[in-house]
Each structure stands twice: as C-alpha cells, then as structure tokens.
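Below is one structure, written out as structure tokens, with a few remarks after it.
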Amino acid sequence: MSKSVEFFFDLGSPATYLAYTQLPQLCAHTGSELVYRPMLLGGIFKATGNASPITVPAKGAHMAKDLDRFAKRYGVAFRLNPYFPINTLSLMRAITGMQLRHPERFIAFIDCLFRALWVDARDLSHPQTVVAVLEEGGFDPDQVLALTTDEQIKEALKATTEEAVARGVFGAPSMFVGDELFFGQDRLDFVREALD
Numbered sequence: 581m582s583k584s585v586e587f588f589f590d591l592g593s594p595a596t597y598l599a600y601t602q603l604p605q606l607c608a609h610t611g612s613e614l615v616y617r618p619m620l621l622g623g624i625f626k627a628t629g630n631a632s633p634i635t636v637p638a639k640g641a642h643m644a645k646d647l648d649r650f651a652k653r654y655g656v657a658f659r660l661n662p663y664f665p666i667n668t669l670s671l672m673r674a675i676t677g678m679q680l681r682h683p684e685r686f687i688a689f690i691d692c693l694f695r696a697l698w699v700d701a702r703d704l705s706h707p708q709t710v711v712a713v714l715e716e717g718g719f720d721p722d723q724v725l726a727l728t729t730d731e732q733i734k735e736a737l738k739a740t741t742e743e744a745v746a747r748g749v750f751g752a753p754s755m756f757v758g759d760e761l762f763f764g765q766d767r768l769d770f771v772r773e774a775l776d
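Per my numbering, the sequence shown starts with residue 581, numbered consecutively.
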C-alpha cells in the first residue's frame, strides 16, 4: 500500500514555508504521495487556545534565529516577513479555491504566494500588493478574488480546519502519516522515518 503525507498548512506560517520547500523531495525519495490540506491557522488557534510563538518576545526572537538556521541547512531562500503575522483568511480561501477549481495551477499558485511572503517579504495584508503579486505570477486577480467569496469554497476551508482540530492539530505545519501527527518543520526526520 502506498503511503502518503497529509500536509495541513497555512501560508502565514514561516515554519510551514520551510516544510513546504522540503516535503516534495522527501515524498519523492520515500515513494509517497504529498496531499495538500489548506486550513486556517487563525481558526486552529481560536479552537485550541494556541497562539503564534512570535507573540512571546523571547520565543519569537529565538524562532527567527532557528528559522534562519533551517533555511541555511536546507539551502533555500528565506526572509522573515516584517509584516508577519498577517490575517490569511482570504489567501487560504483562494488557495482552497484553486485546489478545488483549478488543480492544474495549484502548485504554481502556492509557490507564487509562499515566495511573495517568505522570500520577497511582501505585505500580503494589502489587497493592492496581492493583486500585483498575482499578476506577476500570471494569475487573474479577479478570478482569484471570486474564489474567496464562493460559499462552497468558504465551507470547504472551514471543514478542513474543523477536521484538523478534531484530529489533534494545534498549529502549522502539521503532517499526518496515517493517524500519526507530526508538528513543525523540524520534525521532518520523523515523517521520513514513518514513511520508511
């Protein structure tokens, strides 16, 4: 039976970006399928009483250094976004919508947004910046905006977020191999072991 990794993610988490850069090759090496599960981190935090580590000054400063260390280890571009944290509701609706309605462009879409946030450090809390980023990435901003107001897409994101909470998710990134939860991009070794 082929194995898979369910990757519960929210664009607004820098640790999620780092996991995102590593999971495709990890899954390729282990012959596993990578299943993208967009969720709303704000909804997860609200349901579980959790909060971003950045809200604790000493922890936030340590996290920033750690993220830099991992980016260097992975050999990937990374810049902690000065506008972090941002509200990702519209962005995660757009991502959910692209996955459901335009799956052939889904990976290019999340690539575009992850790069804008965590490499180019753009302010995606501003609609004008989002429009510019989408146009630069070859996406139609009006088409993307329409996805964010679609009731079926709103419900799909809500359902995935509720499922994540029910399965024990409390933050991002969260990865499942079967029923086993692995939290944090620094747990990828355990994900690999579970797949092997």
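Backbone N, C-alpha and C define an ideal beta-carbon position, used for all residues, glycine too.
- Straight-line measurement puts the Cα of LYS645 at about 25 Å from the Cα of LEU761.
- Assignment of beta-bridge partners to ARG617 by DSSP yields PHE588.
- Contact between PRO753 and ALA657 is absent: CB atoms are separated by about 18 Å, not below the 8 Å threshold.
- Look at PHE770 here: in three-state DSSP terms it is helix.
- In this structure, DSSP gives LEU761 an extended state, which the three-state scheme calls strand.
- Counting of Cβ neighbours within 10 angstroms places GLN708 among the exposed residues, the total staying below 16.
- Counting only unbroken stretches of 4 or more residues, the alpha helix (DSSP H) elements lying wholly within the region 639-716 are 669-681, 686-698 and 707-716, in sequence order.
- In terms of Cβ geometry, GLY751 and PHE763 form a close pair [threshold 8 Å].
- Among the bridge pairs identified by DSSP, SER754 is matched with PHE588 and PHE763.
- In the displayed model, PHE625 falls within a helix according to three-state DSSP.
- Relative to the Cα of GLU613, the nearest Cα in the group GLY717, HIS682 and GLU586 belongs to GLU586.
- Take PRO665, set aside five residues on each side of it, and the residues of its chain with a beta-carbon closer than 7 Å to its own are GLY592, SER632 and ILE634, in chain order.
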